[in-house]
Amino acid sequence: MSIDETRITRAILAAALRDWEEISSVDVAIVGAGPSGMAAAYYLSRGGLRTVVFERRLGFGGGIGGGAMFLHKIVVEPPADEVLRDVGARYAEVEGAPGLLVLDAAELMAKLASSALDAGTKIVHGVSVEDVIFRRDPLRVAGVVVNWTASELSGLHVDPLFVSSRAVVDATGHDASVVEVASRKVPELGIELRGERSAYSELSESLVVEGAGEVAPGLYACGMAVARVRGLPRMGPIFGAMLLSGRKVALEIAGRLGA
Ligand code: 48F
Numbered sequence: 073m074s075i076d077e078t079r080i081t082r083a084i085l086a087a088a089l090r091d092w093e094e095i096s097s098v099d100v101a102i103v104g105a106g107p108s109g110m111a112a113a114y115y116l117s118r119g120g121l122r123t124v125v126f127e128r129r130l131g132f133g134g135g136i137g138g139g140a141m142f143l144h145k146i147v148v149e150p151p152a153d154e155v156l157r158d159v160g161a162r163y164a165e166v167e168g169a170p171g172l173l174v175l176d177a178a179e180l181m182a183k184l185a186s187s188a189l190d191a192g193t194k195i196v197h198g199v200s201v202e203d204v205i206f207r208r209d210p211l212r213v214a215g216v217v218v219n220w221t222a223s224e225l226s227g228l229h230v231d232p233l234f235v236s237s238r239a240v241v242d243a244t245g246h247d248a249s250v251v252e253v254a255s256r257k258v259p260e261l262g263i264e265l266r267g268e269r270s271a272y273s274e275l276s277e278s279l280v281v282e283g284a285g286e287v288a289p290g291l292y293a294c295g296m297a298v299a300r301v302r303g304l305p306r307m308g309p310i311f312g313a314m315l316l317s318g319r320k321v322a323l324e325i326a327g328r329l330g331a
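Residue numbers for the sequence shown follow my numbering, so the first one is 73 and each next one is one higher.
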């Protein structure tokens with residue numbers, strides 16, 4: 073076998089460009105590979121929808137990896153154990169706290185990512201979503217505007233590329249950065265960002281799941297993005313609502329798109 077540098081380069085170019093050609097038009101574009109985005113991706117792909125996740129960083133998991141103040145455990149409550157079982161993540165009951173389940177942060181990150189990938193999701197790292205595409209008649213969000221995170225960080229003016237999709241999911245966490253840019257730059261969508269509130273874990277866990285869903289035609293929110301959009305409290309290192317809101321949004325989109 074000859075390992076030739078030109079062949080290495082051409083192999084990567086050909087495979088990456090083939091992927092980008094596919095990615096340029098998908099059923100669902102998810103922004104953020106945190107717990108809610110990866111849960112949404114897993115269920116969407118499992119339902120047969122062509123799904124891509126754009127993640128600004130070079131890894132999976134968003135806020136999972138830091139655990140709680142760098143302690144490598146997180147907590148989940150039923151019925152989110154259904155999602156844990158679907159992706160094969162192991163957990164234990166918490167002694168003296170019925171209803172709370174504890175698991176390794178690394179286990180959840182890895183199992184969510186591998187389940188989404190196995191179901192057919194394409195995850196692209198180092199890509200930031202900086203804007204949305206919109207259309208009139210009917211008014212809707214019709215995709216995302218993407219750029220390399222590296223160009224964002226460099227401060228150079230580099231024009232982006234476009235990805236068309238039938239649905240866009242904001243899974244960017246506390247920033248809700250996709251909904252934020254859409255609310256600012258497409259005011260006719262009528263999106264009101266109410267802002268995240270201080271901690272109230274139990275209340276937030278149920279309200280985030282309740283509030284997950286369509287924010288404007290074609291634009292959906294799950295995870296902590298829901299808190300910023302709907303004016304809900306934060307909940308800290310309990311992740312049930314992240315997983316369940318991702319699953320809820322996936323099922324809603326699948327229903328709409330007829331998967
Ligand atoms: O922050 P993150 O984990 O969002 P989440 O799914 O979960 C929140 C919890 O981790 C935790 C919590 C609840 O227990 O309070 O914070 O709502 O993951 C968001 C991911 O989106 C990426 C970011 O790097 C992170 O991995 N991201 C954010 N903005 C962009 C982005 C963007 N504009 N383009 C691409 N990726």
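We put the beta carbon where it would ideally sit given N, CA and C, even for glycine.
Beta-carbon gap between V213 and V201 smaller than 7 angstroms: If you number the sequence shown from 1, residue 213 lands on position 141. If you number the sequence shown from 1, residue 201 lands on position 129. For V213 and V201, no; Cβs fall outside 7 angstroms.
Exposed unless 16 or more other CB atoms sit within 10 angstroms - verdict on A105: Within the sequence shown, residue 105 is the residue found at index 33, counting from 1. With 16 or more other Cβ atoms within 10 Å, it is buried.
7 angstroms CB neighbourhood of M181 in its chain, flanking five on each side removed: Residue mapping note: residue 181 aligns to position 109 of the sequence shown, counting from 1. Cβ within range, chain order: F132, G133, I136, G137.
V124 and I80 closer than 7 angstroms at C-beta: Stepping through the sequence shown from its first residue, residue 124 is reached at position 52. Stepping through the sequence shown from its first residue, residue 80 is reached at position 8. Their beta carbons are not under 7 angstroms apart, which means V124 does not touch I80 by this criterion.
Residues near R207 in its chain [Cβ-Cβ closer than 7 angstroms; skip 5 each side]: As a first step, residue 207 must be located in the sequence shown, where it is residue number 135. Hits under 7 angstroms: A214.
Three-state secondary structure assigned by DSSP to A140: Counted from its first residue, the sequence shown places residue 140 at position 68. In the structure shown, A140 sits in a strand (DSSP, three-state: E or B).
Local Cβ density within 10 Å of L46, reported as buried at 16 or more and exposed below that: Residue coverage of the chain in this structure runs from 73 to 331, which leaves residue 46 outside it and unanswerable.
R266 vs G303 beta-carbon contact at 7 angstroms: Numbered from its first residue, the sequence shown carries residue 266 at position 194. Numbered from its first residue, the sequence shown carries residue 303 at position 231. A contact, by the Cβ cut-off of 7 angstroms.
V155 to L315 span [Cα, whole Å]: Position 83 of the sequence shown, counting from 1, holds the residue named residue 155. Position 243 of the sequence shown, counting from 1, holds the residue named residue 315. Cα-Cα distance, rounded: 7 angstroms.
Of the listed residues A322, G312, G171, T221, nearest to V240 (C-alpha basis): As a first step, residue 240 must be located in the sequence shown, where it is residue number 168. The shortest C-alpha separation from V240 is found at A322.
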